[in-house]
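Chains as they are written, first to last, in this note's numbering: chain A, 1 to 528; chain B, 1001 to 1609.
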């Protein structure tokens, strides 16, 4: 039994498990941090960005001024942003039988895997994961396609040239495998291979293996997976949460008695308390509005935004923000808000009870009804005529490299009255802001990551007692910036088996029995 | 051999009061707990005394499962759980859990407040009963206890309707509840995988009907409504608040829009808006088309359909009114019917099935004079139309479901006996499986042949595999040798050595012996030596040893010589070999050895083999 590790990103995993002659891909995460190396894609012509100087090496021997631009002391690629794909050379992707998806953030690389690789298998995901995953992909494609970029930079990827490049570009890995965004056609084709599953549904694979998704408590429809035969059990834990936000609580007890537990998707902000961050988010938002400034919240169009809106729903009146307009701008804003209301089965008990009344489970329905929250597909069209300041804008993409957020950064960046509040933990806010420097706008970093922290996970592991734990190598040592914090790593006996991009692990199993099935009519003759 | 028992307490050769008891693998499950629309007395509810004469039902039932929110499937639930007494889990889907208490409360109000009945369940009882409900998600495998698991499948029919699979070990039963095999304007079609249950318990409301295409029926319906409106008549459509009503509303709404009609459409009771809200929140349970477009246009927001007020019934001019309940047995639909029945311009369209005893059933059977409460009679002059819009599977649909699930046995409920008989014949003929149709209180028994899982030691498996040649042939059954240990509910097959060790037993050896008598004048040791040299010369390629303790060993066969006291010349050769050698008679089959035995025993040879 082997595990092939195709992604080195601990929260955007992509692993392949060979188990009892089935080949199972666990998640299909797309590492989007690569886009930070690119210049933002402005929605309207930006004189600032178009006037940036091209880059040539100091000695003048390398001239890439068409492809690379200097901005505030850093060098960026001037091209459509590209993503770092899961490793595709480690094993033949056409041999994959099934792909199990744990949550909508961990499926963004799906079209790269299912299209053009000879993949003929089935993808399993829950309905909210599929629907919201589709929205996020649609949004990504839309962001890219509505500002087409004529040029596609490739020269800088040349190995010899990359070596002499400055800054993070030099260290970027596997740049020649980076790919542009897929098309809507590829998204549709990839998602047509998805088969829907419900929590605790038992899905038989070729009669050899049974897989079953369990609620993981992290997002709508998010799941951990149990992969088992009669006598072996692998648990795949990815993006789980024990906080009571909107999703159904995590199913912990079903993870018991695992031979191997593959652990990914722990919090990226182990020192930030989500509740504290939420409080800070609200107070900074109120402060800016009272001072007459605007608030920009770069965010994904599903997930934490539901909790932010719910929090604001309670906060608005008490903070006297009743007249402040809240805008949510995304090509899928409307769909995301509507979809959130129809997945009662996947929500926490409190929200389910509301549906029985029948009332919409999320209070953003009321915010929309009372005109406090308005949503628009983009800054063009109705928004431009209805838009009032000071206001609060929720929009994507959190990397600040594409989407409507680019426009607001350009628009509001020059005034110190305005504030940008980062709530998504996926990108370093300093890197995200780099191409906008110098910036007068206030920046507040309130990353809200509800996934398990190290304290919670060690408690969980003590309870479910797996024989072996496999995890990304990042979890086996404290973070680089806090090397003295031994509490920010996994300490287990036996020690966890670490993996990194391109690792191939042999999983330890000690199996002593196999199962025979005997019809009872025959077995009765045993005793004669 | 294990048996599965199925006993309908209601819906056995009848429609209404669905309540079916299933005993499987030592577990007792109640499927649905409905009321009968046709009765107002004790017969309204299933006869729970069948389960137990006195005391609560909790001890006798492992769980109760409700398939959907129609009262003939859940109407007796508060009575059963709160008045008879049941505290175990009640399973139903989320939409059913949301809607069922509303219909129960409605039912209670009509019975207690309007008809003034006492000794009926109260609002509080409905609430207490709903607290015992555990929601079910589609396809989720719910473990009721360690052995009993249930799984829900989409059934169409009404919002939240489910079919359930009940499984204990490898024995299983599927109960369809009410289902619909063709998608309609608001719901999808029922679906199930090839789960091969031991029994498929199916409804058979339309056992003998093969309905024409839905399009035709819809066109017919619209034509009739339109004609009546054109001549200034009033159209009454008795419906249940949730289900068919929404489908017909969508139908009329689009028709009104297309034809630009002005006559008002009303929907009675305050339920309408609430009902539509449920559809909006549970949109994942509707059909593909509505789900796909719900963000742009929610099909359950109606422009032409308005709330009804009692006073509108006397308004002049044409109108269409949807009123509850659907069988004209009580409530608002009955009141409006009484008002409009006398005018031949008016029309009542019954869009669904009506059980015996209801006014709906009577007028559909052509009765034109109705006896009302308190001696009054009512002349029915308005047009009576029947349109089969109720979303039950027809004969074709039932056969289709059998093809999907591939059951080993079939059991029909929720239908009329004569129609069931017909369908039973068809099923038995087409699928060559047994089909049962027990009446209420009758038990159908089905013998099953479930598989018994046995854990086999991997060591033993490898050893046995190695014996049978290089590669196991998965297509051929294999005989294996091992010891079966039954311990704490599990079966293990291990090697005999391991079994002895685990059970702390001593090994006993079974040996086979054989006496061969021959005449030989030599002394015992000499005779033995002669045997030894003879065997040496005839058995080439075998290990033959002459041991100092006075025995000769041929491989593992021991040979000893003794002489009798009376005749020293009469020698007895004692041969002894173990059970293993007996199993693989390598030496016995060798010709020289046999010849030796035969030739040397001319004087009587006894072989104990």
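Glycine included, each C-beta is placed from N, C-alpha and C at the ideal position.
All of these numbers come straight from a predicted model, not from anything done at the bench.
{"query": "Determine, using beta carbons only, whether residue 1300 (chain B) comes closer than 8 Å to chain A.", "result": "no"}
{"query": "In its own chain, which residues sit with a C-beta less than 6 Å from the C-beta of residue 1003 (chain B), not counting the 5 before and 5 after it?", "result": "1445 and 1447"}
{"query": "Residue 1112 (chain B) by DSSP, collapsed to three states: which one?", "result": "helix"}
{"query": "According to a CB-to-CB cut-off of less than 9 Å, which residues of the segment 1090-1106 of chain B neighbour chain A?", "result": "1093, 1094, 1095, 1097, 1098, 1099 and 1101"}
{"query": "Under a three-way DSSP split, which group does residue 468 (chain A) fall into?", "result": "strand"}
{"query": "How is the beta strand (DSSP E) around residue 210 (chain A) delimited, first residue to last?", "result": "209-215"}
{"query": "Threshold first: 3 residues or longer. Then list the beta strand (DSSP E) segments lying entirely within the segment 1117-1172 of chain B, N to C.", "result": "1133-1136, 1141-1143, 1148-1154 and 1162-1168"}
{"query": "Cβ closer than 7 Å: which chain A residues qualify as neighbours of residue 1140 (chain B)?", "result": "198, 199, 200 and 201"}
{"query": "Under a three-way DSSP split, which group does residue 1606 (chain B) fall into?", "result": "Only weak support is given to the placement of residue 1606 (chain B): the predicted model assigns it a pLDDT of 37, under 50, and the value that follows is read from those uncertain coordinates. Three-state DSSP puts residue 1606 (chain B) in a strand."}
{"query": "Using 10 angstroms around the beta-carbon of residue 1567 (chain B), count the other beta-carbons present and answer buried if the total reaches 16, otherwise exposed.", "result": "exposed"}
{"query": "Could you spell out where the alpha helix (DSSP H) holding residue 236 (chain A) opens and where it closes?", "result": "Careful: residue 236 (chain A) lies outside any alpha helix (DSSP H), inside the beta strand (DSSP E) at 233-238."}
{"query": "Starting from residue 973 (chain B) and walking both ways along the beta strand (DSSP E), at which residues does that stretch end?", "result": "Outside the displayed span of chain B (1001 to 1609) sits residue 973 (chain B), for which this structure offers no information."}
{"query": "Note down, in chain order, each residue of its chain lying with its Cβ closer than 6 Å to the Cβ of residue 1560 (chain B), except the 5 sequence neighbours on either side.", "result": "1551 and 1574"}
{"query": "For the beta strand (DSSP E) containing residue 224 (chain A), name the first residue and the last one.", "result": "223-228"}
{"query": "Could you tell me whether the Cβ atoms of residue 1105 (chain B) and residue 1123 (chain B) are closer together than 8 Å?", "result": "yes"}
{"query": "Which residues, in order along the segment 330-346 of chain A, keep a beta-carbon less than 8 Å from a beta-carbon of chain B?", "result": "334, 335, 338, 339, 341, 342, 343, 344 and 345"}
{"query": "Compute the Euclidean distance between the alpha carbons of residue 1044 (chain B) and residue 1059 (chain B), then round it to the nearest angstrom.", "result": "24 Å"}
{"query": "Compare the C-beta of residue 1283 (chain B) against all C-beta atoms of chain A and say whether one is closer than 8 Å.", "result": "yes"}
{"query": "Using a Cβ cut-off of 9 Å, which residues of the segment 133-149 of chain A contact any Cβ in chain B, in chain order?", "result": "none"}
{"query": "Is it true that the segment 160-167 of chain A meets the segment 117-137 of chain A, where meeting means three or more beta-carbon pairs spaced less than 8 Å apart?", "result": "no"}
{"query": "Given a cut-off of 8 Å, decide if residue 86 (chain A) and residue 14 (chain A) are closer than it, judged by their beta-carbon atoms.", "result": "yes"}
{"query": "If the cut is a Cβ gap below 9 Å, which residues of chain B does residue 514 (chain A) touch?", "result": "1455, 1456, 1457, 1458 and 1461"}
{"query": "Spatial neighbours of residue 528 (chain A) within its chain, please: C-beta separation below 8 Å, excluding the five flanking residues on both sides.", "result": "In this predicted model, residue 528 (chain A) has a pLDDT of only 45, less than 50, meaning its place in the structure is not dependable enough to derive any value."}
{"query": "Between the C-alpha atoms of residue 118 (chain A) and residue 191 (chain A), what's the straight-line distance to the nearest angstrom?", "result": "15 Å"}
{"query": "Can you look up residue 375 (chain A) in the DSSP assignment and give me helix, strand or coil?", "result": "strand"}
{"query": "Along chain A, which residues have their Cβ under 7 Å away from the Cβ of residue 1240 (chain B)?", "result": "Under the 7 Å cutoff, chain A gives no residues; its nearest Cβ is about 17 Å from residue 1240 (chain B)."}
{"query": "I need the boundaries of the beta strand (DSSP E) containing residue 506 (chain A), first residue and last residue.", "result": "504-506"}
{"query": "Mind checking whether residue 267 (chain A) and residue 451 (chain A) have CB atoms under 8 Å apart?", "result": "yes"}
{"query": "For residue 209 (chain A), would you say it is in contact with chain B, using Cβ-to-Cβ distances shorter than 8 Å as the test?", "result": "no"}
{"query": "Are the beta-carbon atoms belonging to residue 398 (chain A) and residue 427 (chain A) less than 8 Å from one another?", "result": "yes"}
{"query": "Would residue 429 (chain A) count as contacting chain B if we go by Cβ distances under 8 Å?", "result": "no"}
{"query": "Let me check one thing: in DSSP terms, what residues is residue 1511 (chain B) bridge-paired to?", "result": "B:1578"}
{"query": "Per the contact definition of three or more C-beta pairs closer than 8 Å, is the segment 1313-1320 of chain B in contact with the segment 1289-1298 of chain B?", "result": "no"}
{"query": "Where residue 1363 (chain B) and residue 1347 (chain B) are concerned, what is the direct C-alpha to C-alpha distance, given to the nearest angstrom?", "result": "12 Å"}
{"query": "Taking the CB atoms as reference points, tell me whether residue 1200 (chain B) and residue 1008 (chain B) lie closer together than 8 Å.", "result": "no"}
{"query": "What residues from chain A crowd round residue 1137 (chain B), counting only those whose CB sits closer than 9 Å?", "result": "198, 199, 200, 201, 345 and 346"}
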